[in-house]
Amino acid sequence: MLEFLTSLHWGAVIQIVVIDILLGGDNAVVIALACRNLAPAQRMRGVLWGTAGAIVLRVALIAFAVVLLDVPFLKFAGGLLLLWIGVKLMAPAEDAHDHIKPADQLWSAVKTIVIADAVMSLDNVIAIAGAAEQADPQHRIALVIFGLVVSVPIIVWGSTLVLKLLDRYPVIVALGAALLGWIAGGLIVGDPVAERWPILDTPAVVYGAHIAGALFVVAAGYGLKRRREAMSASSS
């Protein structure tokens, strides 16, 4: 262990920690949105388990980062999945969970966190993997894990802070969902298949895709939520 610490490339460690902190804002939002309907006693468990699962999966993604990002249609499919996750987080089927045990709701939240983080991390892992390139090859995976573990408390703290803000300002739910839609739009136009059409790589199209994704998630989520409220009112 001592030899590992003395031979560690601390510049790479600092870069990885900073990158993960900067890119952890959207993760904190996802974790908070997924856990907001849990019982107060279960929220911290959801945050911790969701963060742990997301970190483990991110390490695996980093190990195969270049290969994953070069697979055609992967980012496109991930963007569509993230759009759906954003809509679901904005308009949760609360009445559909009345018969589900709290433990089931907890693991459902954890699953949502892990899936969303995996999709959102497709671009992020390249930055972290690039920082790790400076280190000795045999230390790279350990270096990535070390950097991610160091950043975990900050992601957890950010999630709990967002949860408190969600309780006080419900409008943040829409902003968080819009963030997921924004990321999804960028993933869809950033797929390797899009290289066949250079026009998709222009700033106007890229920003337009981001904005369209954000607006779609908010509009679809709001519409779905209103529809469920109307159906609930008519059934009662």
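Take the sequence shown: its letters are residues 227 to 462, numbered as in the working numbering.
Note that the Cβ used here is the ideal one computed from N, Cα and C, for glycine as well.
This one's a predicted model, so the numbers in the text were calculated from it and none came from an experiment.
| Check | Outcome |
| --- | --- |
| Spatial neighbours of Tyr-448 in its chain, beta-carbon cut-off 8 angstroms, leaving aside the 5 residues before and after | Met-316, Ala-317 and Ala-400 |
| Cα-Cα separation, Gly-416 to Gln-331 | 34 angstroms |
| Three-way DSSP call (helix, strand, coil) for Asn-263 in this model | coil |
| Beta-carbon gap between Gly-402 and Ala-440 smaller than 8 angstroms | no |
| Neighbourhood of Leu-307 by C-beta distance below 6 angstroms, restricted to the same chain and skipping five residues each side | Val-345 |
| Distance CB(Ala-404)-CB(Val-443) smaller than 8 angstroms | yes |
| Any non-hydrogen atom of the ligand ZN closer than 7 angstroms to Leu-308 Cβ | The model on display carries no ligand, and the ligand ZN is accordingly not part of it. |
| Close Cβ partners of Leu-389 (< 8 angstroms) along its chain, the five nearest in sequence each way excluded | Ala-258, Cys-261, Arg-262, Arg-269 and Val-273 |
| Reduced DSSP category for Pro-463 - H, G, I as helix; E, B as strand; rest coil | Here the chain has residues from 227 to 462 only, and residue 463 is not among them. |
| Residue of Gly-411, Ala-254, Ala-459 and Ala-265 minimising C-alpha distance to Val-431 | Gly-411 |
| First and last residue of the uninterrupted alpha helix (DSSP H) at Ile-425 | Run containing Ile-425: none; DSSP gives neither H nor E here. |
| Beta-carbon proximity list for Lys-451, same chain, < 8 angstroms, skipping 5 on both sides | Met-316 and Ala-317 |
| Nearest-angstrom beta carbon gap, Thr-338 and Ile-381 [assumed within contact, 8 angstroms] | Actually they do not touch by this definition, with Cβ atoms about 16 angstroms apart. |
| Classification of Trp-275 by the beta-carbon crowding that lies within 10 angstroms, buried from 16 upward | buried |
| Contacting residues, own chain, Cβ-Cβ under 8 angstroms from Ile-341 (five flanking each side not counted) | Leu-307 and Ile-311 |
| Per-residue DSSP class, three states only, for Gly-416 | coil |
| Whole-angstrom distance between Leu-264 and Asp-324, CA atom to CA atom | Confidence at Asp-324 is low in this model, with a pLDDT of 43, below 50, so the placement of that residue should be treated as unreliable; the coordinate-derived value is given next. Spanning the two alpha carbons is a distance of roughly 12 angstroms. |
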